[in-house]
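Going by the working numbering, the sequence shown opens with residue 4, and the numbers climb by one from there.
Backbone N, C-alpha and C define an ideal beta-carbon position, used for all residues, glycine too.
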Amino acid sequence: MSKRIDVEHLNVYYGDFLAVEDVNINIEPRSVTAFIGPSGCGKSTFLRTLNRMHEVIPGAYAQGKVMLDGEDLYGRGVDPVTVRSMVGMVFQRPNPFPTMSIRDNVLAGVKLNNKKISKSDSDALVESSLKGANLWNEVKDRLDKPGSGLSGGQQQRLCIARTMAVKPDVVLMDEPCSALDPISTIAIEDLIHELKEQFTVVIVTHNMQQAQRVADKTAFFNIEGTGKPGKLVEYDDTATIFQNPREKATEDYVSGRFG
Ligand SMILES: Nc1ncnc2c1ncn2[C@@H]1O[C@H](COP(=O)(O)OP(=O)(O)OP(=O)(O)O)[C@@H](O)[C@H]1O
Ligand SMILES: [Mg+2]
């Protein structure tokens, strides 16, 4: 079930270094939101705070609130492992477990969450997740072959199927197409359109056309200089960000004048 995300006064640190400062953002369910901005402005850092992956890095922490349908993910007693099953993540480079079969790759996240599942239920889950990731027809006859035998674009869809199998509320994607060819990229973008019927989707992208093709809303992050924290500069409907932004920095960035 798709859920809304409300972030209040979020500061994100690596040790003493304030990497992202005072982010406030409201992300609607059943929508796609793109994060854009120059390299180093904190897009990945901020994205990882939305499922508490940030704190896996030694010394890294966040202050502020991230609420999923009103429940603070950083609240007392909240288990980060549960958070990560509600808020799934797809990375820049497809990262299937290379020696594991396609089937076991799809089930890997479910097993990680210690869910016991029968053979018939797992078969059904593998099929529905692979269908959801638009990969079923390409792999249904080789489910027991290793995941590493797939093309890059297929591997990325396998990773999306693995994320979906856990039935999250939110799917985070950090530049999911940057290692893919144009055809695979379009396949993932088509999939993102379908995913928003079920999930809240947040995608980091350096591809301005991609943001305009897939995102309902776009958030522009920026950084004033090296060692300064990244900030959310402007957040609005994608068409407004690209055609009629409020801030000059946004206009300069989306028109390719810097970054
Ligand atoms: N593991 C880490 N330890 C310390 N500092 C880090 C770490 N990861 C990122 N940073 C710093 O945090 C800041 C934001 O980095 P981040 O990777 O979030 O940027 P980004 O906007 O995703 O950039 P890119 O577009 O290049 O992926 C940078 O100054 C970066 O050097
Ligand atoms: Mg990044």
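Checking the 6 Å criterion, the Cβ of K234 is out of range of every heavy atom belonging to ligand 2. About 5 Å separates the Cβ atoms of L175 and M92, confirming a contact at the 8 Å cut-off.
Around the beta carbon of L115, fewer than 16 other beta carbons sit within 10 angstroms, so the residue counts as exposed. The Cβ-Cβ distance between G43 and F224 does not fall below 7 Å.
Look at E250 here: in three-state DSSP terms it is coil, with no helix or strand label.
Between ligand 2 and the CB of S47, the shortest heavy atom gap is smaller than 6 Å. Residue nearest to C180 within the set E130, V173, A190, A222 is A190 (criterion: CA-CA distance). Look at E200 here: in three-state DSSP terms it is coil, with no helix or strand label. Within the model, the alpha-carbon separation for R7 versus M103 is close to 34 Å. When C-beta atoms of the region 125-144 are compared with those of the region 66-77, fewer than three pairs fall below 8 Å, so the two segments do not count as touching. For ligand 1, a non-hydrogen atom lies closer than 6 Å to the CB of C44. In the DSSP assignment, M70 is bridged to D9, D75. Taken through DSSP and simplified to helix, strand or coil, E237 comes out as strand.
Partner residues in the beta bridge of G91, as assigned by DSSP, are V174. Scanning the region 105-152 for uninterrupted alpha helix (DSSP H) segments of 4 residues or longer gives 105-115, 122-135, 139-142, listed from N- to C-terminal end. Excluding the 5 residues flanking it on each side, T188 has same chain C-beta neighbours closer than 7 Å at C180, in chain order.
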